[in-house]
Amino acid sequence: MKRGFEPRLLFELGALIVIALLAWILGGAATTAWLARVARLEGLQAPSPAAVRDLARSAELQFTIGIGVLAIARFIGHRRARDPIDVPWLLPCALGACLLGLVIHHATVEVSGGAVLVPSAASFAQGVLIGCVLAAVVLVVPVDLAELAARARVPIALSIGAIFAALAVVGSGPAGSGTRINLGPIQPIELVKPLAILFLAAFLGARAAKLRWQRQKFLGLRWPRLDLLVPAVLVLVLIIAGLYVIGDLGPVLLLAFLFLGMFYLVSRATGWAVLALVIVGVLLAILGRWPELAGGGTVRTRLVMWQDPWSNGLTFGSQLGEGLWAIAAGGWTGQGLADAAIPILPAGKTDLMLATMTEQIGALGLLAYQLLLAAVVFASLRVAAQARTTERSLIAGGVAILVLVQWIVIQAGTLGQLPLTGIVVPFLSAGRSSMAMFLVVVALVARMAADGRPREPSVELAELHAGVRGMAVFAAVAVALAILAGVSAAAWNRHDTSARGIVTRLGDGRLVQRQNPRLLALTSKIRRGTIADRTGAPLASSASATRRTYPLGAGLGTLLGVHPTRVLLPPWSLERLFDHRLRGFAERDDAPRSPDGLLASPDLRPFAALLDLDRGARDRAIAAIDADVGARSVRMTIDAALQAKVAKLLADGRGKHLAAAAVVLDVDTGQVLARAQVPDYDPNAPAWQSRVLANDTAYLARFRGTYGEWPDKTGVHGMFQAGSVAKLFTALTAVRTGTANASFACTERDEQGPYFTRRGWPKPIHDHSGDRNHGSIGVIDAIAVSCNVYFGQLGLALGPDPFLALRAAGVDIGYSGALDPGGVESRQLASTAFGQGVMVMSPMQAARMVVAIASGGRYRRCPPTMELDAPCTETAIVDDPRSVGPIIAGMRQVMTAGTGARLREPAGLRVYGKTGTADVRGFRGEEPFGIRPKQVASPHSWFVAFAEPASAIENAVDTPGRLAVVVVVPRGGTGASAAGPIVMQIFAAAREAGYLTSTP
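At position 382 of the sequence shown the residue is numbered 403 (this note's numbering), and the sequence of numbers has no breaks.
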């Protein structure tokens, strides 16, 4: 009997028309939002608005045509139906879910290779069109599909086997994933799903009576007989083993649950259901505990992510955490169409499409989608509970199970409750194969509903329908839990999720912690605080959030660093040291740890709540934070004007030598006034970062080598053989032991000059070959003429322990490890005493030592941050300040009658100095600069000094207002020839800058 327009059909067709109209309205709004978002992006190529709108109209047209074809087929099918089962919401709800997918595909902005890609809505709509056409065929084809499936179950089974065999042999997947889910451009596993439903419906339907009545009770549950249970368990295990055939867990779980559910429907064996769930649960637990059992590639990565989405440390282990960030960003109402974070989530249009959607339309949008799916599931169960044959009931029930399980599995994977799988989000994800499959199976249910009611009641169908009702109860619980889990992830505790970091591994093996790009996008709008000198002049400042300038250029490069940076800055970089202060937020106290120490973990929790605001309110909140740039600024002890002058003097004074470094300290405070090196890089021109990232081996060897721009040559990477400047350390040791007044003979001489030796030594110690014998001299004259013979004998008289005691008292010298000055009466001890052997220093260490002498034995040490207000430590290394008088006198005599006498003191200043000429053979770090290991090369040129106004009392132990200066010119020759003149020029520049002008 032909049927006309009934209210139920009118409702169904009217709903489809409304969905088609909404596609044009919402699609247009989403396209407008997409264009507005792209217009706000800078520096990216984008398609023209006209081209985007043309594609949008094409998408809407395809979507509308698909709905039209389906509506016509539905009308034709309805006219032929006899006693249909009423589910008028089934097709509209499925197409409503597709509408949500269309809108999100319109609105999602995707960037690749510096260009904005066109929206994927047209491709998505094409999948809907194809699916609707196939669904229409299912609705109108003039055969009983359930009977056809029953007759064709053997070819169906063979087709399923052939698909798995083809995938095992020639299947492919994304590069490096280890999966075999594609045959060329299609995913035949999508075809397996409806085929599996049809086969199981036919196979189990033919055996329904046997399975239903041959049951027994055990532990209060209904169980199939053992001869039926064992084959069912084996089938389940074989399905699970499919993991090793296609290398993907998602399809395996789907087919396993599909078999589990359909076997329960036909048998009502609750014991089977419990056992099968336990088997699947144990499998997941085993794979979760030992993910390597799943093989390599994507499946193993996803299992590890499941166990720990935040700190798994995998190279591609951030996907789950990024999905949780997106869902948390959605809140109740979402960020708005097109306002998802850029770049798009990994697999953000397939596996994580649920997260992409939730970020834009929020928990309420997610809830709407979940309710649409639930309506499809319960419509299918309604048909299954009233269908007139076992096969029809099983087909409809199988579709309900498929949609429910795919929804639950992908949502649970997205939320981290199950391993993330490669299956798509029903009706949302990109992929024409999956879209066509879902629309076809929904149409299959609609076809089962037509002419669906039984002609007369039967016990057989009553049993099966009872099983469906039991499944409906389970489905209701599962749907409620899924809705609760999804909404709670998007709407509750989302701020903590948003502010968490993800530990991941870079391509070079380093562990880093990635932060939520949504929060970083907010903080990127906040100007970085100023790094200012002691007078408030900027050393690094930001006129805007995207532009940072460094006024001193290469005059203060590696010590400052650069921001933003693509290269991990060294630990001495001020931009790194003060990063949390300059950006305005601290590090988290629960930062994860790597083998190299704590990972950078900015505390972004204060910004998470801003994601709840609309764009205008959010921008105003960020602008208020940005305006208070002073709260994020730091002031250094450095004097910018003096720093610039020192850097220029170094650059001019080093001549053809490889490098030079200088430190200027305020003697009264120990604070750094200038700290410069050449070569150094210019933070304003960070082109070097590209060469570093390109792993340019030859460039890196020099750039990061001993004399390159990268190392801090004033600090720990500027350790050089100290030579004669270390005699000041020995003199301090003598002062502390009361032996500074000792005299020693310098009377022996050979062809190499004055010497001293002891029985058993391999060779003597010598003074410079041009030196005369100094006779019997004391410490003042020995410092002035830099007599190795004197200091060698003084070291032997002191013994090793006083050297170690002075270092233990706080005087920093050499590397951080143990210092071995040499044994009693050893030549090593004598060498240590006049500056060879273990006596290595950095310019900063030498400068602090000079400050201690110039201040009457008070060793002052300020933090390496050089922050102006940071407290410095002061240690009295001698009991009586007057005891350092002989050292001061000796340094003054250096300038008047000693090794520095040829240097011209700046007008109005009195200088106390010490030359250093450090002989050392070539070492490995010098190879990129043309000096081979153990090669005889020029000595390092040192000059250390302090100065005071000429009006001050000469040789006073503690005159206020003094400055200490240290310069080293590696391979520069004698101390007075290269380093000495630069020191004099620095003192002159300091006087011009307002220092050393008068005695306070």
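Backbone N, C-alpha and C define an ideal beta-carbon position, used for all residues, glycine too. Bear in mind the structure is a predicted one, so any value in this text is a computation, not a measurement.
Continuous beta strand (DSSP E) stretch holding G515: start and end: It should be pointed out that residue 515 corresponds to Arg in this sequence rather than to Gly. Note, R515: premise wrong, no beta strand (DSSP E); alpha helix (DSSP H) at 515-519.
Just the C-alpha distance for G523 and I1007, rounded to the nearest angstrom, thanks. Note that residue 523 is Ile in the sequence shown, not Gly. Taking the straight line from one Cα to the other gives about 49 Å.
Using a 10 Å radius around the Cβ and a threshold of 16 neighbouring Cβ atoms, would you call R869 buried or exposed? The residue in question, R869, is buried, as its Cβ has 16 or more Cβ neighbours within 10 Å.
For a test of the three-state rule: what should DSSP assign to S414, helix, strand or coil? In the displayed model, S414 falls within a helix according to three-state DSSP.
Could you give the DSSP three-state label for N809: helix, strand or coil? helix
Can at least three beta-carbon pairs, one atom from the segment 283-293 and one from the segment 212-230, be found at a separation below 8 Å? yes
F765 - containing beta strand (DSSP E), residue span: That run of the beta strand (DSSP E) goes 765-767.
If you follow the beta strand (DSSP E) that E969 is part of, which residue opens it and which one closes it? 961-970
Use the C-beta contact count for A985: other C-beta atoms within 10 angstroms, 16 or more gives buried, fewer gives exposed. buried
Contained alpha helix (DSSP H) runs [length at least 4] in the segment 593-665, N- to C-terminal order: Unbroken alpha helix (DSSP H) stretches of 4 residues or longer found wholly inside the segment 593-665: 595-598, 600-604, 626-629, 636-648, given in chain order.
For the beta strand (DSSP E) that contains Q698, what are its first and last residues? 693-699
Do the segment 586-594 and the segment 701-713 meet, that is, are 3 or more Cβ pairs less than 8 Å apart? yes
Taking D1032 as the reference, which of T690, A512, F599, G858 has the closest Cα? The structure shown does not extend to residue 1032, since the chain spans only 22 to 1021, so no value can be given for it.
Which residue comes first and which comes last in the beta strand (DSSP E) that contains R535? 532-535
Confirm, please, whether the CB-CB distance from I348 to E313 is below 8 Å. no
When the distance is taken between beta carbons, is V699 closer than 8 Å to A761? no
Starting from F777 and walking both ways along the beta strand (DSSP E), at which residues does that stretch end? Looking at the DSSP string, the run of the beta strand (DSSP E) that includes F777 is 774-777.
Ranges of the beta strand (DSSP E) found wholly within the segment 886-962, counting only runs of at least 3: As for any beta strand (DSSP E) of minimum length 3 sitting wholly inside the segment 886-962, the runs are 894-897, 930-939, ordered along the chain.
Whole angstroms is fine: what's the gap from M22's alpha carbon to V508's? Residue placement at M22 is poorly supported in this model, since its pLDDT is 46, which falls under 50; the coordinates still yield a value, given next. Distance between the alpha carbons of M22 and V508 is about 47 Å.
In the structure shown, what three-state DSSP assignment does V986 receive? strand
Is DSSP giving W244 helix, strand or coil here? strand
Coarse secondary structure for S837, derived from DSSP in three states: coil
Can you give the Cα-Cα distance for L279 and A183, rounded to whole angstroms? 20 Å
N333, buried or exposed, once every other Cβ within 10 Å from all chains shown has been counted against 16: buried
How long is the line joining the alpha carbons of V957 and R992, rounded to whole angstroms? 11 Å
Within a Cβ cutoff of 6 Å, which residues of the same chain sit near A171, ignoring the five residues on either side of it in sequence? Taken in chain order, the residues that qualify are A223, E412.
Determine the DSSP secondary structure at I1007, reduced to helix, strand or coil. helix
Counting Cβ pairs closer than 8 Å, one from the segment 571-582 and one from the segment 677-689, do we hit at least three? no
What three-state label does DSSP hand D687 in the structure shown? strand
The ligand ADP heavy atoms versus the CB of A966: any closer than 7 Å? Ligands are entirely absent from the displayed structure, and the ligand ADP is therefore not among its contents.
Within 10 angstroms of the Cβ of G726, are there 16 or more other Cβ atoms? Answer buried if so, exposed if not. buried
Taking only the alpha-carbon atoms, compute the straight-line gap between I571 and S562 and give it to the nearest angstrom. A small fix is needed here, since residue 571 is Tyr in this sequence, not Ile. Answer to the nearest angstrom: the Cα atoms are 7 Å apart.
According to the Cβ coordinates, are V430 and L439 closer than 8 Å? Taking 8 Å as the Cβ cut-off, V430 and L439 qualify as a contacting pair.
How do the segment 650-670 and the segment 686-701 stand: do at least 3 beta-carbon pairs fall below 8 Å, yes or no? yes
Would you kindly check if the distance between the Cβ of D269 and the Cβ of I202 is under 8 Å? yes
Quick check on S594: buried or exposed, where buried means 16 or more other Cβ atoms within 10 Å of its Cβ? buried
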